[in-house]
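Notes follow once the structure below has been shown.
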Amino acid sequence: MRTYTRFLFSLLAAISLPVALWANVIVKGTVKNGGGQPAVSYPVQIATDSLNSSGCIINHTVYTNSTGNYSDTLKCSSTIAKVFVTIVNCDNTPIHHELQVVNNQPVESNFVICSRPCSTTVNSRRSDSIPLAVMFSAGNEVSPGDHVEKFYWNFGDGTIDSLHMYVMHTFHNAGIYNVCFSIRTAWGCTSQNCKQINSDSPHLCHAEFNFERIQSAVNKFKFNSSQSFAGTNDNIVSRKWSFGDGDSLSGNVIDPEHQYAHSGYYVICLTTTSASGCVSNICKGVQVGNNDCHPEFTTEQLAGSVTLIKFNSTSSTVIAGDSIIGRTWTFGDGATLTGNVVAPQHQYANGGSYTVCLTTLTRLGCEKTVCKPIVIGQVGCHADFTQELLSPTPNTGRYVKFHSNSSTTGSQDSIVSRRWKFGDGTSLDGNVVDPTHFYLQPGTYTVCLVIKSSRGCSDSVCKPVVIPTTSIVCHADWNHEIIPPTATNGSTSVRFHSQQSTTSASDSIVSRRWTFGDGTGITAGNVVDPIHVYAQPGTYTVCLYITSGHGCKDSVCKPVVVPANTFHCQPRFTSFATGLSVKFNSAPTTIAAGDSIVNRFWTFGDGSTAGNLKDPTHAYPRAGVYEVCLRIQTRLGCMETWCKKVAVVTAVGNCVPYFTAEQINGVLRTMRFNSEPAYSQLAGDSIVERNWIFGDGSTLGGNVINPTHQYAARGSFTVCLKLRTAAGCDTRWCREVVVQGTDSTHGAVLIVNLYPVPVNTTLNATLWSLYNNVNSELSIYDVYGVKKWSQNKLLPGGNSTTQIPVSQLANGPYIFRVTTIYGVVSRNFFKVQ
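Written as structure tokens, this is what we have:
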């Protein structure tokens with residue numbers, strides 16, 4: 000059996016000396032995290048000094064117990080002079096302690112892991128159609144094991160938000176606002192980051208309306224758009240209403256009324272136009288007729304008092320588009336509560352039976368009542384359990400089945416919560432009566448059961464469980480076959496088979512982890528026969544790591560030779576814009592000799608597509624920057640896609656300024672700018688002067704197309720390009736550029752860019768590395784810290800781009816994280832349909 004060990008230490012050969020008196024040295028200590036909590040089952044490497052402990056070379060690995068303590072006894076035929084104790088921190092860097100031993104006395108070495116400061120960053124994205132509406136998101140860095148416990152936004156206009164880490168905020172007045180985001184973690188770390196938002200715009204408008212049902216009429220609603228607004232020295236001159244049933248209303252009516260002929264769900268839209276030509280649109284849904292609601296509530300007897308009851312009405316329901324605006328509680332003892340309290344508490348003076356009623360009123364006028372009887376009185380409960388060691392054979396003797404025979408007093412009470420603590424650092428919440436638990440190591444464990452009843456009684460009991468010594472066996476193995484490229488498959492693939500991996504007779508493999516040698520792998524699941532596509536020919540080292548149901552682990556690595564792929568194709572295209580119309584040409588595309596293109600497919604970045612055209616022309620609905628992609632397929636089966644961003648800007652004086660920005664050095668904070676997409680729409684005209692304003696006080700004159708600039712500090716800068724052409728066109732264009740970087744190796748790996756954000760199917764991550772071939776884990780976490788996707792990758796030096804599939808993710812906010820030996824960097828993004 001091969002043993003997979005997390006640590007590898009090189010020890011020099013010991014110098015043989017005559018046998019002396021035996022030495023016994025106890026090495027002990029604790030391992031805790033930055034929050035002071037014990038690190039359970041954490042590996043600790045203990046070794047003797049091979050130079051000064053003659054004739055005695057010891058290299059042990061022990062594990063901490065449920066309280067974070069570890070202990071090991073070193074036995075030697077000679078004196079032990081020095082001991083090395085080593086652990087690996089959460090960022091995969093070793094922590095090394097050197098201990099002197101005097102007269103065989105015990106030595107102690109304590110560690111603190113996962114402890115580093117927290118930080119947060121503020122990201123923003125302005126809406127193109129509503130310049131004052133800004134989407135804010137935050138990027139947080141906390142210690143492993145820690146988490147953000149409280150946070151809030153201060154938007155600088157007198158409003159705050161402490162509910163949403165991703166929030167769309169509208170600034171109703173022009174000006175400069177200092178937007179700040181603050182966090183506090185469970186371990187007490189605090190951090191704040193601020194960003195200035197300039198909301199001043201000469202063309203600014205925002206459509207908004209609300210509505211209410213006219214109580215005296217059937218299916219008749221009144222709408223009000225008085226909260227719609229336009230910019231300074233501007234005013235709304237037109238309001239167009241669409242009521243969702245085929246009727247519409249033009250003109251400039253602020254608060255129209257509308258009668259619906261039939262019940263149903265309708266989408267109402269309002270489009271406003273200002274005197275300066277600013278157009279804004281908003282749509283909302285309304286339920287007409289058939290409105291229904293169902294009040295519902297639960298009760299809970301609070302600990303410490305049998306007459307203090309908490310009620311909760313969050314289970315009440317309404318139809319889509321409606322909401323509860325009023326709740327009236329009658330508690331059965333003469334007391335009532337009005338308003339809209341969702342979860343009130345009520346103190347009863349005496350025990351007994353009471354009828355509690357809840358009446359809800361919704362915005363659309365639904366009003367209903369539900370009543371329930373409750374019993375108030377004395378309660379009692381008793382926690383107890385038995386245990387059974389299952390299948391007492393060498394391979395399955397560590398499974399223990401527990402049975403809760405706990406009880407309550409009174410016919411109106413019952414156990415609603417059982418929490419099991421198994422003594423090995425793990426626990427089980429919920430209300431499981433008969434759990435089965437597997438213990439990885441033999442020994443004596445203290446198992447505790449905590450119960451809670453429906454009327455607030457709680458009790459606990461603890462008992463010892465003895466796990467006998469057992470043995471488990473497993474063996475990892477695999478073979479492979481090459482799937483060569485064909486006319487319908489232009490890639491070289493390899494199919495792996497791992498059925499020959501084995502375990503003990505009563506055991507089974509529950510996890511297989513694959514690394515394919517090209518920086519990718521399968522980090523979770525139990526895939527037996529994966530198929531992997533290699534982008535380049537060569538020799539790759541492929542590894543399989545298995546884990547059995549009884550905790551046995553093994554691994555095996557083998558070389559795989561991937562032959563060269565004879566299929567080649569590389570789509571490319573050029574573009575030339577005339578106003579909002581852009582002509583594309585795919586002539587620069589290259590393919591292998593003897594092959595030919597049979598299909599082209601264009602996506603123009605605005606939702607439009609085109610079929611098998613070599614040089615299509617596309618008219619865009621509005622100015623902007625669009626990501627255009629060309630996918631080709633050849634006769635021999637090669638299929639590739641290439642994308643680039645195209646600027647479509649309404650010309651000012653017949654010339655169009657535009658540039659891109661790319662960070663090419665993270666540690667030195669160096670940016671490269673490229674103004675090649677800038678052009679003049681006048682035939683025969685050309686750009687004769689480019690003036691760059693880098694946003695940090697530095698400028699560059701002349702006519703430099705793609706300059707580089709090094710920033711003194713990281714941050715957000717407004718970079719501007721001023722153009723002048725031979726025909727006299729003179730214009731300027733500015734954009735916000737985010738510069739990352741640091742002066743230490745902790746910034747050796749950076750996330751330069753994530754696009755598009757929000758993302759639908761594929762997320763492109765541009766990463767920068769100071770060093771070549773840096774081993775990294777790319778991962779995606781949700782906002783609760785649950786890993787949703789991961790991949791291992793070797794990062795080359797400089798910039799590189801990786802495509803990440805996200806179509807399997809549900810809609811919402813996520814965190815993209817890159818983990819290397821130099822630390823962890825992350826950035827937020829949002830997944831949409």
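For the sequence shown, numbering that gives the first Met the number 0 begins at 0 and goes up steadily by one.
We put the CB at the ideal spot given by N, CA and C, even for glycine.
None of these values were measured; they are calculated from a predicted model.
Leu-389 counts as exposed, since fewer than 16 other beta carbons sit within 10 angstroms of its beta carbon. When only Cα atoms are considered, Lys-194 and Val-121 end up about 7 Å apart.
Looking at the DSSP output, Gly-263 shares a beta bridge with Val-287.
Pairing Phe-603 with Ala-260, the inter-Cα distance amounts to about 42 Å. Around Ala-274, the same chain offers Asp-233, Asn-234 and Val-236 as residues with beta carbons nearer than 7 Å, after the five sequence neighbours per side are excluded. A straight line joining the alpha-carbon of His-531 with that of Tyr-438 spans about 35 Å. In the same chain as Asn-172, and ignoring 5 residues on each side of it, no C-beta atom comes closer than 7 Å to its own.
When DSSP states are grouped into helix, strand and coil, Phe-384 belongs to the strand group. Using a C-beta cut-off of 8 Å, the segment 541-555 makes no contact with the segment 568-575, since fewer than three inter-stretch Cβ pairs fall below that distance. For the 9 Å CB-CB criterion, Trp-601 and Ala-609 form a contact. Beta-bridge annotation (DSSP): Glu-639 is paired with Ile-631. Annotation: the segment 510-566 contains the following complete segments of the beta strand (DSSP E) (minimum length 3 residues), in chain order: 530-533, 537-547 and 552-561. If you draw a straight line from the Cα of Asp-291 to the Cα of Gly-822, it is about 54 Å long. In the structure shown, the three-state DSSP call for Asp-458 is strand. Here the alpha carbon of Asn-611 sits roughly 8 Å from the alpha carbon of Val-597. In the DSSP assignment, the residues bridged to Trp-601 are Ala-609 and Leu-629. When DSSP states are grouped into helix, strand and coil, Ala-591 belongs to the coil group. By a beta-carbon distance limit of 8 Å, Leu-777 contacts Val-817. Their separation comes to about 6 Å. Fewer than three beta-carbon pairs drawn from the segment 261-273 and the segment 332-345 are found closer than 8 Å, and the two stretches are therefore not classed as touching. C-alpha of Gln-300 to C-alpha of His-293: approximately 24 Å in a straight line. Of the candidates Ser-262, Phe-693 and Asn-209, Phe-693 places its Cα closest to the Cα of Thr-707.
For Trp-328, the enclosing beta strand (DSSP E) has its first and last residue at 323-329.
About 4 Å separates the beta carbons of Phe-296 and Ser-312, which is inside the 8 Å limit, making them a contact pair. Note: Gln-258 is bridge-paired with Lys-219 in the DSSP secondary-structure output.
DSSP, reduced to helix, strand and coil, places Met-167 within a strand of the structure shown. DSSP, reduced to helix, strand and coil, places Asn-122 within a strand of the structure shown. For Val-817, the enclosing beta strand (DSSP E) stretches over residues 811-819.
Here DSSP, grouped into helix, strand and coil, assigns Cys-370 to strand. By the C-beta density criterion, Ile-481 is exposed, having fewer than 16 other C-beta atoms within 10 angstroms. One Cα belongs to Glu-207, the other to Arg-418, and the distance between them is close to 50 Å.
Thr-540 is positioned such that its CB atom lies no closer than 9 Å to that of Gly-524. A direct Cα-to-Cα measurement between Leu-753 and Ile-94 gives close to 34 Å. Exclusion of the five residues before and after Val-560 leaves Thr-538 as the residues of its chain whose Cβ lies within less than 7 Å of its Cβ. Taking Thr-92 as the centre and dropping the five residues before and after it, the same chain places the C-beta of Ile-820 closer than 8 Å to its C-beta, in chain order.
Segment contact: the segment 723-734 against the segment 793-810, fewer than three CB-CB distances shorter than 8 Å; contact not assigned. In the three-state scheme derived from DSSP, where H, G and I count as helix and E and B as strand, Trp-691 is classed as strand.
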